[in-house]
Amino acid sequence: QKEVEQDPGPLSVPEGAIVSLNCTYSNSAFQYFMWYRQYSRKGPELLMYTYSSGNKEDGRFTAQVDKSSKYISLFIRDSQPSDSATYLCAMSAEHNQGGKLIFGQGTELSVKP
Amino acid sequence: DAGVIQSPRHEVTEMGQEVTLRCKPISGHNSLFWYRQTMMRGLELLIYFNNNVPIDDSGMPEDRFSAKMPNASFSTLKIQPSEPRDSAVYFCASSSNRGNYGYTFGSGTRLTVV
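In order, the protein sequence lines correspond to chains A and B. Just so we're aligned: the first sequence equals residues 67 to 179 in our numbering. Just so we're aligned: the second sequence equals residues 49 to 162 in our numbering.
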């Protein structure tokens, strides 16, 4: 079993839809949770970062962490064609940034105009 | 800042040849990571360095793979001899132990071994 599980999709939605992306994990030591966005033929870029359980909102994006269920989510409101990309969850047990991140497989999202 | 710089962007080589991938991290970042990305396995951590010292190389698939970081501004990942199953996109990322959490990735090197 992988440490981090993420449905690879692909996921196709119409413009304006609410998108829900999810990851589950098995390592209870994970405390730092991130979402990265990766456009085609580019490197991943950090989108959202949360520590421990709770919610974090940034514009149209909301990240949720439920440590009791070992489940994290990313919600995208009013999705736009420019949101079409692969979204990767990532997590770490380390309390400093020198620690390694474990990534999910990535979910490919397509937002149709 | 120019970000994390990787070279070459694309590499096509024949099986058995030596391949060297290069990375220049962001100035001031003290951690450097090498990842490999494939459709089947996603992003896999190969090795990472803190302050130029290798910390965890458990992800390096075989002895054919080696990585060095001779100074804070340069790292190499070498594959010798290369095999077709090494074909993937190789990413370098760097991070700092100060400021916002998260890695900054380079644009990757797309390696094809024929």
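Even for Gly, the Cβ is constructed at its ideal location relative to N, Cα and C.
Legend entry - Exposure of A/Ala156, with buried meaning 16 or more beta-carbon neighbours within 10 Å: buried
Inset, instruction - Taking the CB atoms as reference points, tell me whether A/Lys133 and A/Ser119 lie closer together than 8 Å. - result: yes
Inset, instruction - Could you give the DSSP three-state label for A/Arg103: helix, strand or coil? - result: strand
Legend entry - A/Gly172 and A/Gln104 closer than 8 Å at C-beta: yes
Inset, instruction - Given a cut-off of 8 Å, decide if B/Asn119 and B/Asn99 are closer than it, judged by their beta-carbon atoms. - result: no
Legend entry - Residue nearest to A/Tyr98 in terms of C-alpha spacing, selected from A/Ser106, A/Val85, A/Tyr117 and A/Ile138: A/Tyr117
Inset, instruction - Please list the partners that B/Phe81 has in chain A, where partner means a Cβ-to-Cβ separation under 9 Å. - result: Lys166 and Leu167
Legend entry - C-alpha gap between A/Pro74 and B/Ser75, whole angstroms: 34 Å
Inset, instruction - Under 9 Å between beta-carbons, which chain B residues line up against A/Tyr105? List them in chain order, please. - result: Simply none; closest approach about 11 Å.
Inset, instruction - Might you give, ordered along the chain, the residues of its own chain that have their beta carbon closer than 6 Å to the beta carbon of B/Gln65, omitting 5 neighbours on each side? - result: Ser130
Inset, instruction - Work out the CA separation of B/Ile95 and B/Ser106 for me, nearest whole Å. - result: 7 Å
Legend entry - Pairwise C-alpha distance: B/Arg112 and A/Lys122: 43 Å
Legend entry - Nearest to A/Pro80 (by Cα), restricted to the options A/Lys166, A/Ile142, A/Lys136 and A/Tyr153: A/Ile142
Inset, instruction - Give the residues of chain A in contact with B/Tyr138, contact being defined as C-beta atoms less than 9 Å apart. - result: Ordered by position in chain A, no residue passes the 9 Å Cβ test against B/Tyr138, which lies about 11 Å from the chain.
Inset, instruction - Could you tell me whether the Cβ of B/Ser155 comes closer than 8 Å to any Cβ of chain A? - result: yes
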